[in-house]
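Undergrad: This is the structure I want to talk about, given as structure tokens.
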Amino acid sequence: MMRTAFFDDAEERDNYYQDVPLSILRITPKIARQSISPLPRPPRNPRSVNITDQSYLLASYRELGREVRKDLFGVKELESNTKVIEAEPDLCIDDRTKCFFENTDAAYFGNLPGTFFPSNGHFVAIGVNHVEAGYARYSSVSLYDAATLIAIGSFTNLKEMKGSADRYLPGNPLSDQLYAISFRRNCTNYSHCIDVPESSLGLVAATIFMERAYLDPNGSKGSDPAIMLPFRIIYGEDPSLIPSLWKSGAKGVYKRVRDVLFPAEEVNSFQWPLP
84 MMRTAFFDDA EERDNYYQDV PLSILRITPK IARQSISPLP RPPRNPRSVN
134 ITDQSYLLAS YRELGREVRK DLFGVKELES NTKVIEAEPD LCIDDRTKCF
184 FENTDAAYFG NLPGTFFPSN GHFVAIGVNH VEAGYARYSS VSLYDAATLI
234 AIGSFTNLKE MKGSADRYLP GNPLSDQLYA ISFRRNCTNY SHCIDVPESS
284 LGLVAATIFM ERAYLDPNGS KGSDPAIMLP FRIIYGEDPS LIPSLWKSGA
334 KGVYKRVRDV LFPAEEVNSF QWPLP
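This is how it looks when you write it as structure tokens:
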């Protein structure tokens with residue numbers, strides 16, 4: 084897979100898409116595999132280094148979380164931990180094993196909410212707009228079906244993030260550097276909301292949320308996730324509408340997903356509230 088973005092010239096973009104300068108060659112050796120020496124692994128490019136971290140946003144970020152929870156007053160709620168995804172691609176290449184997220188072009192964060200997505204429930208994603216904060220050129224949050232790893236819904240800094248936190252942080256000068264966007268089964272009468280109909284994602288499907296921040300604006304690689312504040316996923320469910328599905332096997336399903344995608348040795352977990 085190759086991704087190309089950020090064209091400055093629309094005509095050049097169209098010409099590029101018409102004739103992509105990429106070739107894939109499959110080589111089938113006619114000698115024993117044991118006698119083949121693979122090409123040496125190139126050194127991994129280091130991440131771009133930002134001289135400041137995002138701690139200046141922490142107070143406003145915490146306030147945003149409190150206001151979102153206030154908005155859920157009287158509703159069953161829970162919050163799951165976010166994990167920074169930083170695999171060891173060098174080991175994956177050397178051992179010839181499959182490895183996800185082996186690219187330093189982006190900072191990756193993942194969240195397994197630990198609950199299904201019933202019709203009376205919704206998720207609120209809150210976090211830092213890393214583009215507005217100066218840590219990325221493009222940032223997105225996506226909801227995936229854990230069984231297929233197919234994206235069901237997403238939002239980006241290009242349209243949805245900016246202004247989404249204003250209702251929770253009126254008058255806060257840092258609100259544009261934060262976002263608060265919900266995922267609902269029906270977004271009618273809701274602003275800053277992503278529709279997830281049952282036809283796209285079943286009521287008892289396990290889900291994964293992923294946040295990506297691509298390319299530090301002052302470098303050619305992604306920012307170091309260690310200096311960035313991870314996004315948060317807050318789940319709210321109105322128990323008066325239909326019986327809760329949270330305990331209907333969700334715990335076991337998510338444990339299996341977690342063991343496959345986020346083995347403990349590959350991730351660092353953020354427990355909220357951060358210190």
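The number in the numbering used here is simply the position in the sequence shown, starting from 1, with 83 added. Even for Gly, the Cβ is constructed at its ideal location relative to N, Cα and C.
1. Mapping DSSP to helix, strand and coil, what is Asp177?
2. Report the start-end ranges of each beta strand (DSSP E) in the region 214 to 254 that is 3 residues or longer and not cut off at the edges.
3. Output the distance between the C-alpha atoms of Ser303 and Ser202, rounded to the nearest integer angstrom.
4. Going by DSSP, what residues sit across from Lys153 in a beta bridge?
5. When the distance is taken between beta carbons, is Gly319 closer than 8 angstroms to Val224?
6. Quick one: measure Cβ to Cβ for Ala289 and Ala234, integer angstroms, because I've assumed they're closer than 8 angstroms.
7. What number of angstroms, rounded off, separates the C-alpha of Thr135 from the C-alpha of Ile119?
8. So the beta strand (DSSP E) Arg96 belongs to, where does it begin and stop?
9. Could you check what DSSP says for Gly148 in three-state terms: helix, strand or coil?
10. Could you say which of Asp299, Leu140, Ile291 and Arg149 lies nearest to Thr359 if we only look at CA atoms?
11. One question on the structure: do Ala216 and Leu298 come within less than 8 angstroms of each other, judged by their Cβ atoms?
12. Which whole-angstrom value is the C-beta distance of Asn212 and Gln260, which I expect to be below 8 angstroms?
13. Helix, strand or coil: which one does DSSP assign to Ala190?
14. Take Gly236 and list the residues in its own chain whose beta-carbon comes closer than 8 angstroms to its own, dropping the five residues that flank it on each side.
15. Select from Ala93, Arg315, Ile316 and Tyr100 the residue whose C-alpha is nearest the C-alpha of Met85.
16. Please classify Leu141: does DSSP put it in a helix, a strand, or coil?
17. Could you tell me which of Glu160, Leu286, Glu169 and Leu155 sits nearest to Tyr199, measuring between CA atoms?
18. For Gly254, tell me which candidate among Asp188, Arg315 and Ser143 has the shortest Cα-Cα distance.
19. State the start and end residues of the unbroken beta strand (DSSP E) segment that holds Tyr262.
20. Go through its chain and collect everything with a Cβ distance to Arg268's Cβ below 7 angstroms, but skip five positions before and after it.
21. Please state whether DSSP places Ala309 in a helix, a strand or coil.
22. Do the CB positions of Arg295 and Ile209 come within less than 8 angstroms of each other?
23. Buried or exposed, going by whether 16 or more other CB atoms sit within 10 Å of the CB of Glu74?
24. Count the other C-beta atoms from every protein chain shown that fall within 10 angstroms of the C-beta of Asp307, then say buried if there are 16 or more, exposed otherwise.
25. Val151 and Phe192: beta carbons closer than 8 angstroms?
26. Could you tell me the distance, in whole angstroms, from the CA atom of Glu169 to the CA atom of Asn128?
27. Buried or exposed: Gly214, going by 16 or more other Cβ atoms within 10 Å of its Cβ?
28. Relative to the C-alpha of Asn240, which candidate in Glu146, Ser274 and Ile264 has its C-alpha closest?
TA: Quick answer:
1. Helix.
2. Counting whole runs of 3 or more residues, the region 214 to 254 contains the beta strand (DSSP E) stretches 221 to 228 and 233 to 239.
3. Cα-Cα distance, rounded: 43 angstroms.
4. Bridge partners of Lys153: none, in fact.
5. The Cβ atoms of Val224 and Gly319 lie no closer than 8 angstroms to each other.
6. Contact flag wrong, Cβ pair sits at about 14 angstroms.
7. The alpha-carbon of Thr135 is positioned some 46 angstroms away from that of Ile119.
8. Per DSSP, Arg96 belongs to no beta strand (DSSP E); it is in the alpha helix (DSSP H), Ala93 to Gln101.
9. Gly148 falls in the helix class under three-state DSSP.
10. The structure shown does not extend to residue 359, since the chain is modelled only from 84 to 358, so the question has no answer here.
11. The Cβ-Cβ distance between Ala216 and Leu298 does not fall below 8 angstroms.
12. At roughly 5 angstroms, the Cβ-Cβ gap stays under 8 angstroms, so Asn212 and Gln260 are in contact.
13. Three-state result, Ala190: strand.
14. Non-local C-beta neighbours of Gly236 in its own chain, meaning closer than 8 angstroms and more than five positions away in sequence, comprise Ser225, Leu226, Phe266, Ile277, Asp278, Val279 and Ser283, ordered along the chain.
15. Residue Tyr100 is the option with its Cα nearest to Met85.
16. DSSP, read as helix, strand or coil, puts Leu141 in helix.
17. First, the residue type needs correcting, since residue 199 is Phe and not Tyr in the sequence shown. For Phe199, the closest of Glu160, Leu286, Glu169 and Leu155 by C-alpha to C-alpha distance is Leu286.
18. Nearest of Asp188, Arg315 and Ser143 to Gly254, Cα basis: Ser143.
19. That run of the beta strand (DSSP E) goes Leu261 to Arg267.
20. Apart from the 5 residues on each side of it in sequence, Arg268 sits with its Cβ closer than 7 angstroms to the Cβ of Ser202, Val279, Pro280 and Glu281 in its chain, given in chain order.
21. Collapsing the DSSP output to three states places Ala309 in a helix.
22. In this structure, the beta-carbon distance from Arg295 to Ile209 does not fall below 8 angstroms.
23. Past the boundaries of the shown model lies residue 74; the chain is included only from 84 to 358, so the question cannot be answered.
24. Classification for Asp307: buried.
25. It is not a contact, given that the beta carbons lie outside the stated cut-off.
26. Each residue's alpha carbon lies about 14 angstroms from the other.
27. Reading the sequence as shown, one finds Val at residue 214 and not Gly. Buried: at least 16 other Cβ atoms inside 10 Å.
28. Across the set Glu146, Ser274 and Ile264, the C-alpha of Ile264 shows the shortest separation from the C-alpha of Asn240.
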